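Peer 1:
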Amino acid sequence: MGQVSSERERGDAFGEDGFVQLEGFFSPPQVAEVLANIERYIREVVPSAPATDVFYEDKARPETLKQLIRLHEHDAYFRALLEEGPLRDTAARLLGEAVRPVNQQVFIKPPGGGSRPTPPHQDAYYFHLEPCIAATLWLALDDVDAENGCLRYVRGSHRRGVRPHQRTTTLGFSQGVSDYGTPEDLANEVACTARAGDLVAHHAMTIHRADANRAPDRPRRALGLIYYGVSAREGRDEHEAYQRKLAAEMKQAGRI
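Counting in my numbering, the sequence shown runs from 12 upward without gaps.
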């Protein structure tokens, strides 16, 4: 009975606030396994992966690697992590319907001030879904706080539609909310500190951002997984056109 109640409360929080945090979702050994496989992926898969799936702050400097996308398309371990087991099940429970796995990413904010802030944005702006039934699951792989760039959500923003966005210079987050910072935004912004292994899930319409990593010696790494509800339909032509345009811009800038 207690577990059922807890799951209901999590679903209620997700529906009301637009995000929910599940503490200790992965154990320390499970986190260590994910990190070991990310290191293996960087070592064995990245050299032959498409340039559009590997983002650097400066491609000429491998240590500036900041984001990996579509890991599941190139590696069996990450495909199983996305498509099977508790992560997919959690997305389905939160969205209230069966889901289809869409994307898997690694986000890296290195220590020492080498990262950029993640601009406030709504994932829905990129997804082009109707209806917009989708969730992003964000698994902390390091302890995360205000110093090294924790996620910050605007509570309830998923119930107020898609806000206007404009181009940013942040690789991997090319669009940001152009009118962010209203009194309502600031009054409802919540900083989600987390321990390694905690899972934070948010609705695709929820506004969120993150500061740069200002910690001198602590990285901020996370695994992101995107799921669409089976009833959501994607405007594929519009989405693919945007992705082609973005890839061309990043290639010209020398960042992929």
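All C-beta atoms in this analysis are idealised placements derived from N, C-alpha and C, irrespective of residue type, glycine included.
Predicted model, so just to flag it, every value in this text is computed and none were measured.
1) Buried or exposed for Gln41, going by 16 or more other Cβ atoms inside 10 Å?
2) Which residues in the same chain as Ala226 place their Cβ atom closer than 7 Å to its Cβ, once the five residues preceding and following it in sequence are excluded?
3) Rank Tyr136, Ala205, Asn224 by C-alpha distance to the C-alpha of Trp149 and give the top, closest one.
4) Grab the span of the alpha helix (DSSP H) containing Glu55 for me, first residue to last.
5) CB Ala243 to CB Leu105, shorter than 8 Å?
6) Using three-state DSSP, classify Pro73 as helix, strand or coil.
7) Over what stretch of residues does the beta strand (DSSP E) that includes Leu106 continue unbroken?
8) What did DSSP end up calling Pro130 once you bin it into helix, strand or coil?
9) So, do the region 62 to 77 and the region 89 to 98 have three or more beta carbon pairs nearer to each other than 8 Å?
10) Helix, strand or coil: which one does DSSP assign to Arg232?
11) Can you tell me which of Ala43, Leu98, Pro61, Val56 puts its alpha carbon nearest to the alpha carbon of Phe36?
12) Sorted by chain position, which residues of the same chain lie with C-beta nearer than 6 Å to Val57's C-beta, five sequence neighbours on each side aside?
13) Measuring CB atoms only, is the region 232 to 239 touching the region 139 to 156, in the sense that at least three cross pairs come out at less than 8 Å?
14) Would you kindly report the start and end of the unbroken alpha helix (DSSP H) that includes Tyr88?
15) Expressed to the nearest angstrom, what Euclidean distance is found between the alpha-carbon atoms of Ser59 and Met216?
16) How would you label Ala151, buried or exposed, when you count the other beta carbons within 10 angstroms and need 16 or more for buried?
17) Taking just the CA atoms, how far does Glu34 sit from Arg163?
18) Just reading off the beta strand (DSSP E) that Leu33 is part of, what are its end residues?
19) With distances taken Cα to Cα, identify the nearest neighbour of Gln116 among Tyr52, Thr193, Ala103.
20) Could you say which of Ala207, Val201, Gly208 lies nearest to Asp268 if we only look at CA atoms?
21) Give the straight-line distance between the Cα atoms of Pro175 and Val188, rounded to the nearest whole angstrom.
Peer 2: Based on what the coordinates show:
1) With fewer than 16 Cβ atoms within 10 Å of its Cβ, Gln41 is classed as exposed.
2) The answer, listed in chain order, is Pro122, Glu158, Asn159.
3) Measuring from the Cα of Trp149, the nearest candidate turns out to be Ala205.
4) Secondary structure note for Glu55: its alpha helix (DSSP H) is the uninterrupted segment 39 to 55.
5) Contact: no.
6) If DSSP states are grouped into helix, strand and coil, Pro73 belongs with the helices.
7) Run containing Leu106: none in the beta strand (DSSP E); it sits in the alpha helix (DSSP H), 97 to 106.
8) Strand.
9) Of all C-beta pairs linking the region 62 to 77 to the region 89 to 98, fewer than three are shorter than 8 Å, placing the two stretches out of contact.
10) Strand.
11) Looking at Ala43, Leu98, Pro61, Val56, the one whose alpha-carbon comes closest to that of Phe36 is Leu98.
12) Excluding five sequence positions before and after Val57, the CB atoms of its chain that fall closer than 6 Å to its own CB belong to Val65, given in chain order.
13) The region 232 to 239 makes contact with the region 139 to 156: 3 or more CB pairs, one atom from each, lie closer than 8 Å.
14) Per DSSP, Tyr88 belongs to the alpha helix (DSSP H) from 87 to 94.
15) Looking at the backbone, the Cα of Ser59 and that of Met216 are separated by about 34 Å.
16) Counting Cβ neighbours within 10 Å, Ala151 comes out buried, since at least 16 surround it.
17) Cα to Cα, Arg163 sits roughly 17 Å from Glu34.
18) Its beta strand (DSSP E) spans residues 30 to 33.
19) The option with the nearest alpha carbon to Gln116 is Tyr52.
20) Since the first residue shown for the chain is 12 and the last is 267, residue 268 is missing from the structure and cannot be characterised.
21) Each residue's Cα considered, the two are about 6 Å apart.
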